[in-house]
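Q: Could you have a look at this structure, given as structure tokens, before my questions?
Number of protein chains: 2
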Amino acid sequence: MLPIDEQLAHLLPTVETVVPDDGLLELLGEGRPLRVKLGVDPTAPDVTLGWAVMFDLLRRFQELGHTAVLILGDFTAQVGDPSGKSETRKRLSADEVEGYAQSCLAMLRPLLLEDHLEIRRNSEWLGNLGTAGMLELTSTVTVSRILEREDFQGRLADEQPVSMMELLYPLLQGFDSVAIEADIELGGADQLWNLLVGRDVQRAYGQRPQAAVTAPLLVGTDGVRKMSQSLGNYISVADEPEEMFGKVMSIPDAAMPMWYRLAAFASPEEVRRVAAGLAEDAVDPGAAKRQLGRMVVARYRGEDAAAAAEEHFDRLFKHGEAPEDVAEHTLPGDDPIWLPGLLKEAGLVASSSEGKRLVAAGAVRIEGEPVEAEEVVRRRLAGAVVRVGKRRFVRFID
Amino acid sequence: MLPIDEQLAHLLPTVETVVPDDGLLELLGEGRPLRVKLGVDPTAPDVTLGWAVMFDLLRRFQELGHTAVLILGDFTAQVGDPSGKSETRKRLSADEVEGYAQSCLAMLRPLLLEDHLEIRRNSEWLGNLGTAGMLELTSTVTVSRILEREDFQGRLADEQPVSMMELLYPLLQGFDSVAIEADIELGGADQLWNLLVGRDVQRAYGQRPQAAVTAPLLVGTDGVRKMSQSLGNYISVADEPEEMFGKVMSIPDAAMPMWYRLAAFASPEEVRRVAAGLAEDAVDPGAAKRQLGRMVVARYRGEDAAAAAEEHFDRLFKHGEAPEDVAEHTLPGDDPIWLPGLLKEAGLVASSSEGKRLVAAGAVRIEGEPVEAEEVVRRRLAGAVVRVGKRRFVRFID
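Protein sequence lines correspond, in order, to chains A and B. Mapping of the first sequence onto the numbering used here: position 122 corresponds to residue 122, and the numbering continues sequentially without gaps. Mapping of the second sequence onto the numbering used here: position 25 corresponds to residue 1025, and the numbering continues sequentially without gaps.
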């Protein structure tokens, strides 16, 4: 294995916190392959660029010869973890979770090396704990320790309901560390408290407590909140290149330095150059964002897809043109035609009420001209390209 | 079945609270045999006169044709329920609990009718709940609801440890009500909160919530605190008649009316007569206590045993005589003899330090004379009767 300082240099770029302070140093000093745990709950179908930050760090451990132990929390996903969202999360059925697990796994595998990889599901050991095992587990931690969690405190203070079940979540996650004998657990910065409970649980079961290593959180496309599937402000690693590029172009300028670092994994020098350039007006934000978009798409889809995605974007937004391959839809016989219903029929909107809202907002254009009424004479639509919002197009055929 | 008002008249003498107010009336109105739950955790070997209050009430339901469902909490006994004792109770092994369950059951059966009786152990359903079932169960109740319990609040406020496991106890007990489909649950007055959680749990599982019916708490032989095996202020229904009578004679006069009602189950008229007589100095407290002692012993051991126990008591305390069958113990060769060690050797004290304490307190007598020093010359002990405290005797043989 590489000398400790070289290993640290390889790992530290995307590390935010290590607990205890010297935990990582001490473990690397043992000169053996470490067991590095990363647990994700498949509660949604996608893998976001936010998760990708943690997976980049996990892969770095693999590259140094350590073992990545990826835990798909198929059992804990059924418990629900509010994670500061301040609402009792809807519980998922085993089938829903399994569907999400399959979908996530297909997206996660390419982010990791195939060697030094163990993939486990926590139903393997949590399902077998049983009533007595659960009681044993709950005897390892005090109520005060669990209620320290800020999210619980805040919700209880606000008289929001917290289910007794949610209190068990951190213990189950901690037991995962016992089951796989983790030396290190990785997580997002907002997971630090959970990782520390894992240390307590390991200690109670006679194991040496893991080092907790967190990665910074990537803000979402809104530039404000943590990227998250439930907030809808995310990019999936499986998004189509055009979609991915378009979403990167939509982030606020202020988020660019963080995105250069945590979404494009640019070198520290490049991140500094962009940040300084933007601060001093020496860098054109539009050009910097295009470069960021190309880097992000190239990372997951390759250079060619990145170039094509940028061209597509230019056609849509820079030149205002419709894409080359606009879908076609045959007009019904009505005259006049009720546009919200037609847009729904053509699949451009999810419901006719969405269609009504978008017409009222001036977001529906026929050949570039905003529509002002819901009823449109038939001949105005025949053969015309209709655009909804920025990116949805259709051509109506008579 | 009897008319409702006659049933109520039979039940109400030892009822303290009913929740909801009209719950009992409504259920009796259905004219069917009700399922009346009483759960006890076998965490100690004895059945106290305190428990007997609840069992008297349960038997009254049986006498009316309702079904007594006695739950031996062999599973919950392993969890530990602090019940206001403000300390994390030591967990018991399955073997210890099974021993206590056997011992309790032998003492409980004679307190109930053999008909209309179901005896169940909650390991039957709780053991099979499994991890997923436990999570399901914990999802039925909020953290705030559980933390309402005064004992938890007090201990958390005092920064005393409360194990996460203890929070599960009321849920498990509540699930017992679901498993046996209880119409009514009986408990001591200090269990009301637990019985109400049972209502919540039943509701969450789609059952009609049970009526909660509590019996008053009997104070212990100290006349102050609830009778309890862990406090040592108790009488067991299996105590020897002499022991039982002697302990009744040791209660404070002020506790007599309550004991007439809840330990001797005297009629309301008799309880009133004794209470009024004591208050007006019209009744001799000693005689009243003797009568109480005879009533209690007679209830569990019959009239003859009660009379013999009273005679035994009189020999010991009234006439100051040693009992007829004093145990004998051969003196060691030392001279002088260290009395605390000798008392320990003879089995009159648990340790020589207890012996030292009792000598210092003047509670050790040789032939009626208090001992003043720990060292005693051998000839003073040879052939003498030594008395420790009020009831422990031995004769030393040379």
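Note that beta-carbon positions come from the ideal geometry of N, C-alpha and C, so glycine has one too. Note that the structure is predicted; figures quoted are calculated from it, not measured.
Among A/46, A/18, A/7 and A/77, whose alpha-carbon lies nearest the alpha-carbon of residue 33 of chain A?
A: A/7
Q: Using the rule of at least 16 other Cβ atoms within 10 Å of the residue's Cβ for burial, across every protein chain shown, is residue 10 of chain A buried or exposed?
A: Burial call: exposed.
Q: From this set, A/289, A/78 and A/136, which residue's C-alpha is nearest residue 1075 of chain B's C-alpha?
A: A/136
Q: Considering only residues of the same chain and omitting the five flanking positions on each side of residue 1333 of chain B, which have a CB-CB separation below 7 Å?
A: none
Q: Applying the criterion that 16 or more other CB atoms from any shown protein chain within 10 Å of the CB defines a buried residue, is residue 1208 of chain B buried or exposed?
A: It counts as exposed.
Q: Determine the DSSP secondary structure at residue 373 of chain A, reduced to helix, strand or coil.
A: coil
Q: May I have a chain-ordered list of the alpha helix (DSSP H) segments no shorter than 4 residues that lie completely inside the stretch 97-142 of chain A?
A: 123-138
Q: Can you tell me the Cα-Cα spacing of residue 1257 of chain B and residue 1279 of chain B, whole angstroms?
A: 10 Å
Q: Quick check: the stretch 1184-1198 of chain B against the stretch 1140-1149 of chain B, are at least 3 beta-carbon pairs closer than 8 Å?
A: yes
Q: With 9 Å set as the bound, which would you pick, yes or no: does the beta-carbon of residue 1043 of chain B sit closer than that to a beta-carbon of chain A?
A: It does not: the Cβ of residue 1043 of chain B has no partner Cβ on chain A nearer than 9 Å.
Q: Could you tell me which chain B residues have their CB closer than 8 Å to the CB of residue 251 of chain A, listed as they occur along the chain?
A: Simply none; closest approach about 38 Å.
Q: Residue 1015 of chain B: which of B/1056, B/1237 and B/1003 sits nearest, CA to CA?
A: B/1056
Q: In chain A, what lies closer than 7 Å to residue 1130 of chain B by C-beta?
A: Those within 7 Å of residue 1130 of chain B in chain A are 130 and 131.
Q: Going by the CB atoms, is the gap between residue 1050 of chain B and residue 1220 of chain B shorter than 9 Å?
A: Yes, Cβ-Cβ distance for residue 1220 of chain B and residue 1050 of chain B is below 9 Å.
Q: Strictly under 9 Å for the Cβ-Cβ distance: is residue 430 of chain A near chain B by that measure?
A: No answer is possible for residue 430 of chain A: the residues shown for chain A start at 1 and end at 398.
Q: Verify the CB distance criterion: does residue 163 of chain A have a CB-CB separation below 9 Å to chain B?
A: In terms of beta-carbon proximity, residue 163 of chain A lines the interface with chain B, with at least one pair separated by less than 9 Å.
Q: Beta carbons nearer than 7 Å to chain B: which residues of the stretch 196-227 of chain A have them?
A: none
Q: Please determine if the stretch 1233-1248 of chain B and the stretch 1014-1029 of chain B are in contact, where contact requires at least 3 C-beta pairs separated by less than 8 Å.
A: Of all C-beta pairs linking the stretch 1233-1248 of chain B to the stretch 1014-1029 of chain B, fewer than three are shorter than 8 Å, placing the two stretches out of contact.
Q: Rank A/38, A/167, A/213 and A/175 by C-alpha distance to the C-alpha of residue 189 of chain A and give the top, closest one.
A: A/213
Q: Interface residues of chain B around residue 141 of chain A at Cβ under 7 Å?
A: 1164
Q: My guess is that residue 39 of chain A and residue 71 of chain A are in contact by the Cβ rule of under 8 Å, so how many angstroms apart are they, rounded?
A: 4 Å
Q: What's the C-alpha gap between residue 1077 of chain B and residue 1313 of chain B?
A: Looking at the two C-alpha atoms, the distance is approximately 37 Å.
Q: My output table needs one value for residue 1363 of chain B: the three-state DSSP class, helix, strand or coil.
A: If DSSP states are grouped into helix, strand and coil, residue 1363 of chain B belongs with coil.
Q: How close, in whole Å, do the beta carbons of residue 1292 of chain B and residue 1260 of chain B come, if the pair is a contact with beta carbons under 8 Å?
A: 6 Å
Q: Apart from the five residues on each side of it in sequence, which residues of its chain come closer than 7 Å, Cβ to Cβ, to residue 380 of chain A?
A: 366
Q: Can you confirm whether residue 1330 of chain B, when its beta carbon is compared against all beta carbons of chain A, has any partner nearer than 9 Å?
A: For residue 1330 of chain B, not one C-beta of chain A is nearer than 9 Å to its own C-beta.
Q: What's the C-alpha gap between residue 369 of chain A and residue 226 of chain A?
A: 37 Å
Q: Are the beta-carbon atoms belonging to residue 201 of chain A and residue 168 of chain A less than 9 Å from one another?
A: no
Q: Sorted by chain position, which residues of the same chain lie with C-beta nearer than 8 Å to residue 86 of chain A's C-beta, five sequence neighbours on each side aside?
A: Legend: pLDDT at residue 86 of chain A = 41, less than 50; position of this residue unreliable, no value from coordinates given.
Q: Within 9 Å (strictly less), CB to CB, does residue 97 of chain A reach chain B?
A: It does not: the Cβ of residue 97 of chain A has no partner Cβ on chain B nearer than 9 Å.
Q: Taking all protein chains shown into account, do 16 or more other C-beta atoms lie within 10 angstroms of the C-beta of residue 255 of chain A, making it buried, or fewer, making it exposed?
A: When all chains shown are included, residue 255 of chain A counts as buried.
Q: Quick one: give me the first and last residue of the beta strand (DSSP E) that residue 1185 of chain B is part of.
A: 1184-1188
Q: Going by alpha carbons, who is nearest to residue 1306 of chain B out of B/1246, B/1337 and B/1132?
A: B/1246
Q: With a cut-off of 9 Å, does the C-beta of residue 1173 of chain B fall near any C-beta of chain A?
A: no
Q: Shortest alpha-carbon distance to residue 374 of chain A belongs to which of A/383, A/386, A/382 and A/359?
A: A/359
Q: Report yes if the CB atom of residue 1342 of chain B is closer than 9 Å to the CB atom of residue 1355 of chain B, and no otherwise.
A: Taking the C-beta atoms as reference points, residue 1355 of chain B is found nearer than 9 Å to residue 1342 of chain B.
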